[in-house]
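Asks: Heads up: the sequence shown begins at 8 in the working numbering, then just goes up one per residue. Got a structure for you, written out below as structure tokens; questions coming shortly.
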Amino acid sequence: MKVYNTLSRKKEEFIPLEEGKVKMYVCGPTVYNLIHIGNARPMIVFDTVRRYMEYKGYEVNFVSNFTDVDDKIIKKAIEEGISAQEVSKRYIAECKQDMENLNVKPATAHPLATEEIGGMLEMISVLIEKGYAYPAADGTVYYRTRKFQGYGKLSHKNLDDLQAGHRDIQVTGEEKEDPLDFVLWKPKKEGEPYWESPWCQGRPGWHIECSVMSKKYLGEEIDIHAGGEDLIFPHHENEIAQSEACNGKTFAKYWLHNGFLNIDNKKMSKSLGNFFTVRDIQEKYDLQVLRFFMLSAHYRSPLNFSAELMEAAKNGLDRIRNGAKNLTYLAAHTKTGKMTEAEAAIWEGSHAFVEKFEAAMDDDFNTADGISAVFELVKYANTNTDEASSQELAQKLLGRMKQLCDILGVILEEKEEILDDEIEGLIAERQAARKAKDFARADEIRDTLQAQGILLEDTREGVKWKRI
Ligand code: AMP
Ligand code: ZN
């Protein structure tokens with residue numbers, strides 16, 4: 008299996024640190040809002056990487072964090088007059104709901120930055136002891152960037168160019184020794200969440216969070232560290248500087264980065280306002296279509312989002328689903344049970360599509376070519392089966408189709424429509440839960456219904472609902 012390593016800028020043979028095991032860390036979202044479909048791209052593509060590795064027999068320890076302390080979270084909390092923790096808790100729950108709807112497997116661990124402060128204080132202390140960090144007079148702790156020999160090795164930047172870039176944007180009044188130094192710990196501002204530390208009451212910088220969470224849940228050396236390409240610099244570069252200076256070991260062997268999801272060839276982002284949330288898409292499409300759309304391009308290529316491409320993805324997925332439906336029907340209804348000799352040869356012939364699929368995925372997870380192999384399998388099954396086929400052949404081909412789609416995380420069964428009676432029943436249960444002040448259960452029911460595309464509206468005449 009070959010993977011493209013941002014560190015070497017080459018495709019390399021994947022050799023795990025420990026045989027049969029993969030330790031993988033994916034930088035998760037900052038939780039201050041509903042995630043947009045750009046944020047969903049790394050979730051989907053690295054979930055697919057994980058699924059493929061599991062298919063190949065690896066035991067994957069997959070860790071993905073939530074950044075739950077950040078300026079944007081604090082800003083949102085102030086706007087809403089609630090605590091930062093309430094904001095992050097709400098959006099972690101929403102994000103997990105979106106992930107489930109996208110069929111992204113829960114990580115082995117989903118650490119929260121705010122629950123790992125102890126480890127951060129420890130790592131910062133070690134960095135200070137080793138001379139890689141220093142506290143300034145105001146209690147801010149900075150990383151001494153030039154002291155780390157390998158700085159720039161991931162982003163392929165050299166220090167002098169970085170220095171030149173910094174000169175233009177240098178902020179005055181900072182107590183840094185060098186403009187390239189970055190923050191490990193910063194003093195609190197009025198009304199902000201803070202923790203005690205030897206340097207000042209304050210909070211961690213973003214980069215130290217991932218170094219610490221990766222170390223705690225996966226160890227000092229890991230196989231794969233991943234995220235969107237905007238994280239290469241400075242986030243991942245700084246993570247390397249922190250972890251390698253602290254632990255004296257190579258931090259991650261392979262660095263994987265997904266390309267941007269664009270809209271009109273511009274990166275989809277909250278700040279530009281050119282985004283669709285996963286929920287927006289869910290109003291119009293089965294989210295399996297979104298997943299299929301994301302995987303129809305190579306994960307490192309930019310991917311432009313458009314209504315036409317979503318329609319094309321929907322048609323493509325329908326084609327596979329129809330193939331599976333035909334086989335399901337034949338597997339239950341044809342007259343002969345066992346395969347004939349001729350059918351055994353047809354079954355043998357279908358191995359070629361699995362080989363093609365694996366060859367594509369072994370080549371740096373080329374899901375676009377993997378999907379082509381699935382289309383070919385569907386076509387092959389359509390042309391080689393009919394009412395005269397055996398149930399066994401139909402079943403086997405169906406199993407193969409499902410197995411390949413499961414590696415992609417694409418669910419072939421269409422969601423069963425929730426019936427009106429069930430909706431009414433859940434609404435009654437929600438009202439009872441509210442009366443009993445069991446708001447957790449009431450919210451849970453609302454979320455369950457929402458995930459099924461049912462929107463509740465509390466009106467004076469009672470609860471109304473509609474399908475969206
Ligand atoms: P953030 O919450 O901005 O830190 O982003 C969480 C993850 O989503 C990171 O891995 C980002 O690189 C990734 N990401 C954000 N926007 C996009 C986009 N438009 N396309 C692809 N990945 C993105
Ligand atoms: Zn990170």
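The beta carbon of each residue, even a glycine, is placed where N, CA and C say it ideally should be.
What are the start and end residues of each continuous beta strand (DSSP E) run of 3 or more residues lying completely inside the segment 118-170, in chain order?
Replies: Fully enclosed beta strand (DSSP E) runs of 3 or longer: 140-142 and 148-150.
Asks: Taking only the alpha-carbon atoms, compute the straight-line gap between Thr152 and Glu421 and give it to the nearest angstrom.
Replies: Those two C-alpha atoms are separated by around 52 Å.
Asks: Answer yes if the segment 20-36 comes into contact with the segment 380-388, meaning at least three C-beta pairs across the two stretches below 8 Å, and no otherwise.
Replies: No, the segment 380-388 does not touch the segment 20-36.
Asks: Does any heavy atom of ligand 4 sit closer than 6 Å to the C-beta of Cys34?
Replies: Summarising the ligand content, the structure contains ligand 1 and ligand 2 and does not contain ligand 4.
Asks: In three-state terms, what does DSSP make of Met346?
Replies: Here Met346 sits in coil by DSSP.
Asks: Secondary structure at Asp427, three-state DSSP: helix, strand or coil?
Replies: Three-state result, Asp427: helix.
Asks: Please report the straight-line C-alpha distance between Gly35 and Ser71, rounded to a whole angstrom.
Replies: Rounded to the nearest angstrom, the two C-alpha atoms are 5 Å apart.
Asks: So the candidates are Ile475, Arg467, Gln457 and Glu464; which of them puts its Cα closest to the Cα of Glu101?
Replies: Selected option, being the one with the closest Cα: Gln457.
Asks: What is the C-beta distance between Val76 and Ala84, in whole angstroms, given that I count them as a contact (C-beta under 8 Å)?
Replies: Contact doesn't hold; Cβ gap of about 11 Å is too wide.
Asks: Could you tell me if Thr179 is buried or exposed, where buried requires 16 or more neighbouring beta carbons within 10 angstroms of its beta carbon?
Replies: Confidence at Thr179 is low in this model, with a pLDDT of 49, below 50, so its placement is unreliable and the value that follows should be read with caution. Exposed is the call here.
Asks: Alpha carbon to alpha carbon, how far is Cys217 from Lys137? Give it in angstroms, no decimals.
Replies: Their backbone Cα atoms lie some 20 Å apart in a straight line.
Asks: I'd like the span of the alpha helix (DSSP H) that includes Leu384, first residue to last.
Replies: Counting along the chain, the alpha helix (DSSP H) containing Leu384 begins and ends at Thr374 to Asn391.
Asks: Around the Cβ of Phe283, are there at least 16 other Cβ atoms within 10 angstroms (buried) or fewer (exposed)?
Replies: Label assigned to Phe283: buried.
Asks: Just curious, the beta strand (DSSP E) that Ile231 is in, first and last residue?
Replies: Residues Ile229 to Gly235.
Asks: Return the bridge partner residues of Arg210 from the DSSP annotation.
Replies: For Arg210, which the question treats as bridged, DSSP gives the partners Lys193.
Asks: Check for me: the beta strand (DSSP E) holding Met31 runs from which residue to which?
Replies: Counting along the chain, the beta strand (DSSP E) containing Met31 begins and ends at Lys28 to Val33.
Asks: Quick one: residues in its chain with C-beta nearer than 7 Å to the C-beta of Lys442, no 5 flanking neighbours on either side, listed in chain order?
Replies: Answer for Lys442: no residue qualifies.
Asks: For Asp78, verify whether its CB is less than 6 Å away from any heavy atom of ligand 1.
Replies: Every heavy atom of ligand 1 is 6 Å or more from the Cβ of Asp78, so no.
Asks: Quick test of the definition: if touching needs 3 or more C-beta pairs under 8 Å, does the segment 197-210 touch the segment 235-249?
Replies: Short answer: they don't touch.
Asks: Can you tell me where the beta strand (DSSP E) holding Ile461 begins and where it ends?
Replies: Element bounds for Ile461: Ile461 to Thr466.
Asks: Any idea what DSSP makes of Gly330, helix, strand or coil?
Replies: Note: Gly330 maps to helix in three-state DSSP.
Asks: To the nearest angstrom, how far is the alpha carbon of Ala339 from that of Ser397?
Replies: C-alpha separation (whole angstroms): 10 Å.
Asks: Give a single yes or no on whether Cys102 has its beta carbon closer than 6 Å to a heavy atom of ligand 2.
Replies: Checking every heavy atom of ligand 2 against the Cβ of Cys102, none is found closer than 6 Å.
Asks: Nearer than 6 Å: is that true of the beta carbon of Met275 relative to any heavy atom of ligand 1?
Replies: Checking every heavy atom of ligand 1 against the Cβ of Met275, one is found closer than 6 Å.
Asks: Short of 7 Å in beta carbon distance, which residues of its chain neighbour Lys403, apart from the five on each side in sequence? Order them along the chain.
Replies: Excluding residues within five positions, the ones whose Cβ falls inside 7 Å are Trp354.
Asks: Select from Arg298, Thr390 and Leu433 the residue whose C-alpha is nearest the C-alpha of Met50.
Replies: Nearest of Arg298, Thr390 and Leu433 to Met50, Cα basis: Arg298.
Asks: Spatial neighbours of Asn389 within its chain, please: C-beta separation below 8 Å, excluding the five flanking residues on both sides.
Replies: Cβ neighbours of Asn389 beyond the five flanking positions: Gly330 and Asn333.
Asks: Hey, is the segment 244-253 in contact with the segment 109-122, meaning 3+ C-beta pairs nearer than 8 Å?
Replies: The answer is no - the segment 109-122 does not touch the segment 244-253, with fewer than three Cβ pairs under 8 Å.
Asks: Here's a check: name, in chain order, each residue in its chain whose Cβ is nearer than 6 Å to the Cβ of Ala259, leaving out the five neighbours to either side.
Replies: Around Ala259: Ile229 and His232.
Asks: Assign Asp413 to one of three DSSP states: helix, strand, or coil.
Replies: In the structure shown, Asp413 sits in a helix (DSSP, three-state: H, G or I).
Asks: So what's Tyr11 in DSSP terms, helix, strand or just coil?
Replies: The answer is strand: DSSP assigns Tyr11 an E or B state.
Asks: Under three-state DSSP, which class holds Arg16?
Replies: Three-state result, Arg16: coil.
Asks: Say yes only if the C-beta of Thr37 is nearer than 6 Å to one or more non-hydrogen atoms of ligand 1, and no if none qualify.
Replies: At least one heavy atom of ligand 1 is nearer than 6 Å to the Cβ of Thr37, so yes.
Asks: Measuring alpha carbon to alpha carbon, tell me which of Asp188, Asp293 and Glu20 ends up nearest Leu166.
Replies: Cα-wise, what sits closest to Leu166 is Asp188.
Asks: Taking the alpha-carbon of Lys274 as reference, which of Thr335, Val38, Glu431 and Phe312 has the nearest alpha-carbon?
Replies: When only C-alpha atoms are compared, the closest one is Phe312.
Asks: Does the Cβ-Cβ distance between Tyr150 and Leu191 come in under 7 Å?
Replies: Contact flag set, yes.
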